[in-house]
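Chemist: Going letter by letter, the sequence shown gives residues 1438 to 1864 in this note's numbering.
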Amino acid sequence: MILEKEQAKKGIITDAVKAVAKQENIEAEKLAASIAEGRSVILKHRNSIKGIGENLSIKVNTNIGTSPDVCSLSFELEKLKVACDLKTDTVMDLSTGGNLDLIRKEIVNASSVPVGSVPVYQAVIEAIEKHGTIEGLTGDGIFDVIERHARDGISFITVHCGVTLSCLDILKRKTRKTGVVSRGGAFLVSWMALTGKENPLYSEFDRLVELARRYDLVLSLGDGLRPGSLADASDNLQMSELLVLGRCVEKAHDANVQVIIEGPGHIPLNQIVANVHLAKTICHSAPLYLLGPIVTDIAAGYDHITSAIGGAIAGWAGADFLCYVTPSEHLALPSIEDVEDGVVASKIAAHAADIARGNAQAQQWDSTMAQARYNRDWHQQEDLSINPLRFKKIRSSQKIFSDEVCNMCGKYCAMKIMNDTIKKMGF
Ligand code: SF4
């Protein structure tokens, strides 16, 4: 197994580095140096490859997966197709219902992008099925599931290594409004409280690192104690977890394991930049992966918008990877339309931040679109739009009187008036 970080440290430019450098239009040597320092990572999948981190375009992840209540493999595969068609950069299988091994394999096989997962979900479900209680969970059970996921071609895994016994003392002080909202975090807190044992993902971190080395599996260090409301943003629990993750990054980097840091969650606008800078500083500039962030708690049904607002600011401040949020966040398992809305909203946020960060490819895309718009070249505009199907649907639903204008202004089209004037006056 080629360890990308190890090769990069030796100054070797691997095929994966060459491929990502070409995608991103940057120098391979520059990318390799960033991987060697742990500021970028490469996710490898049998059908594709993606780079995340410094000097790279901001990537978008789409969560799919069954729940105990809504469990259909074909439904999840349809969501996968929609997300891939809309150019999501990765997907995560968060399934918790049905035959989890089968669902994961099918998603990995059908995906055209790298696939991530959260193995602790399956470890807990199997422990409950076998022992009737979450107390049956063991370190061996967790590591067995992680290895199964890696063997099946999972590219990155969320591991909540920063949820430790010490956080229970802070939780007991009841300073939080919304407790622990991460599913993995809640499982581990509950297990630690019931058994009095330390989280194996923390106490056996060396074992985790060894396993990751075997498969060049990227560890996404999860934010199991992330705030679930603005009231809990940037609090003691969130920060104490981040400090633990910073130490985990050092250990993983020493072993040439690639690492991503996951971040919140719910954060008010005025705290986003500070949160990004803090995570980057404490975690040695490892790529930062944010869920949203959602910037207000009151917009149920519209959280693809609240998260896109947060994602754009976070991306501009230095976040590298945005996890989409759908309109059904906090309400239900996403529908196909929710996935579509969520991916597009997150792609827009990432792209807007890319432009602000000076990404030349992103800026060129907008520049070409602006020219097509000025020329009223509807075919080119459709091709260049973030969701061509939506462009076509809206334009074709309207009565078009002239191909030179749209029916917003009709014969008073400013673009046409200016084009005609310039032609007539020979400007
Ligand atoms: S009609 Fe108005 S909205 Fe439509 S292209 Fe012309 S200026 Fe733009």
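Glycine is no exception: its CB is placed at the ideal position from the N, C-alpha and C atoms.
How many Å lie between Ile-1731 and Leu-1770 at the Cα?
Modeler: Near 18 Å, if we compare the C-alpha coordinates of Leu-1770 and Ile-1731.
Chemist: Hey, quick one: how far does the beta strand (DSSP E) through Ile-1698 stretch, first residue to last?
Modeler: 1696 to 1700
Chemist: For the pair the stretch 1459 to 1470 and the stretch 1677 to 1687, tell me if three or more CB-CB distances fall below 8 Å.
Modeler: no
Chemist: Would you report the Cα separation of Val-1762 and Phe-1580, rounded to the nearest angstrom?
Modeler: 29 Å
Chemist: What span of residues does the alpha helix (DSSP H) with Leu-1648 cover, start to end?
Modeler: Note, Leu-1648: alpha helix (DSSP H), 1642 to 1652.
Chemist: Go ahead and label Asn-1536 buried or exposed: buried means 16 or more other beta carbons lie within 10 angstroms of its beta carbon, across all protein chains shown.
Modeler: exposed
Chemist: Just how far apart, CA to CA, sit Leu-1662 and Pro-1701?
Modeler: Linking Leu-1662 to Pro-1701 through their CA atoms gives a straight-line distance of about 9 Å.
Chemist: DSSP state of Lys-1446, grouped into three classes?
Modeler: helix
Chemist: In terms of alpha-carbon separation, which member of Ile-1472, Pro-1556, Tyr-1652 and Ala-1716 lies closest to Pro-1637?
Modeler: Pro-1556
Chemist: If you follow the beta strand (DSSP E) that Thr-1871 is in, where does it begin and where does it stop?
Modeler: Any question about residue 1871 goes unanswered here, given that the chain covers just 1438 to 1864.
Chemist: Ordered along the chain, which non-local residues of its own chain (more than five positions away) have a Cβ less than 8 Å from that of Ala-1716?
Modeler: Leu-1679, Ile-1698, Gly-1700 and Leu-1725
Chemist: Terminal residues of the continuous alpha helix (DSSP H) containing Lys-1717?
Modeler: 1706 to 1719
Chemist: Under 7 Å between the Cβ atoms of Gly-1502 and Asp-1538?
Modeler: No, they are not a contact pair.
Chemist: Closer than 5 Å from C-beta to any heavy atom of the ligand SF4: which residues, in chain order?
Modeler: Every residue whose beta carbon comes nearer than 5 Å to a heavy atom of the ligand SF4 appears here in chain order: Val-1842, Cys-1843, Met-1845, Cys-1846, Cys-1850, Ala-1851 and Met-1852.
Chemist: Give me the Cβ distance between Asn-1693 and Arg-1650, rounded to the nearest whole Å; I'm assuming they're in contact under 8 Å.
Modeler: Indeed, because the Cβ distance is near 7 Å, the residues count as touching under 8 Å.
Chemist: Starting from Thr-1570, trace the alpha helix (DSSP H) both ways and give me its first and last residue.
Modeler: Premise fails: Thr-1570 is in no alpha helix (DSSP H) and is neither H nor E.
Chemist: How would you label Met-1862, buried or exposed, when you count the other beta carbons within 10 angstroms and need 16 or more for buried?
Modeler: exposed
Chemist: State yes or no: is the C-beta of Arg-1663 nearer than 6 Å to some heavy atom of the ligand GDP?
Modeler: In the structure on display, the ligand GDP does not appear, and the ligands it does have are the ligand SF4.
Chemist: Since I believe Gln-1817 is in contact with Ala-1807 (beta carbons under 8 Å), could you give me their beta-carbon distance rounded to a whole number of angstroms?
Modeler: Incorrect: roughly 11 Å between the Cβ atoms, too far for contact.
Chemist: Of all the CB atoms in chain D, is at least one closer than 7 Å to the CB of Ile-1785?
Modeler: Within the model displayed, chain D is absent; a lone protein chain is all it includes.
Chemist: If we require 4 or more residues per run, which alpha helix (DSSP H) segments fall completely within the stretch 1737 to 1781?
Modeler: For the stretch 1737 to 1781, whole alpha helix (DSSP H) runs of length 4 or above, ordered along the chain, are 1740 to 1754.
Chemist: Using 10 angstroms around the beta-carbon of Cys-1521, count the other beta-carbons present and answer buried if the total reaches 16, otherwise exposed.
Modeler: buried
Chemist: Whole angstroms is fine: what's the gap from Asp-1506's alpha carbon to Gly-1633's?
Modeler: 31 Å
Chemist: Taking a contact to mean a Cβ-Cβ separation below 7 Å, would you say Glu-1593 touches Gly-1621 in this structure?
Modeler: One detail in the question is off: residue 1593 reads as Phe in this sequence, not Glu. Their beta carbons are not under 7 Å apart, which means Phe-1593 does not touch Gly-1621 by this criterion.
Chemist: If you drop the 5 nearest sequence neighbours on each side, which residues of the same chain put their C-beta closer than 6 Å to that of Gly-1448?
Modeler: none
Chemist: Can you tell me where the beta strand (DSSP E) with Lys-1459 in it begins and where it stops?
Modeler: Run containing Lys-1459: none in the beta strand (DSSP E); it sits in the alpha helix (DSSP H), 1452 to 1461.
Chemist: In angstroms, rounded to a whole number, what distance separates the CA positions of Val-1646 and Ala-1689?
Modeler: Computed Cα separation, rounded: 6 Å.
Chemist: Who does Lys-1688 pair with in a DSSP beta bridge?
Modeler: DSSP output for Lys-1688 lists no bridge partner at all.
Chemist: What is the rounded straight-line gap between the Cα of Cys-1604 and the Cα of Thr-1527?
Modeler: Going by the C-alpha atoms only, they are around 31 Å apart.
Chemist: Whose C-beta lies closer than 8 Å to the C-beta of Pro-1825 among residues of the same chain, with five residues either side of it excluded?
Modeler: Glu-1819
Chemist: Helix, strand or coil, according to DSSP, for Met-1438 in the structure here?
Modeler: coil
Chemist: Can you give the Cα-Cα distance for Asp-1589 and Asp-1814, rounded to whole angstroms?
Modeler: 46 Å
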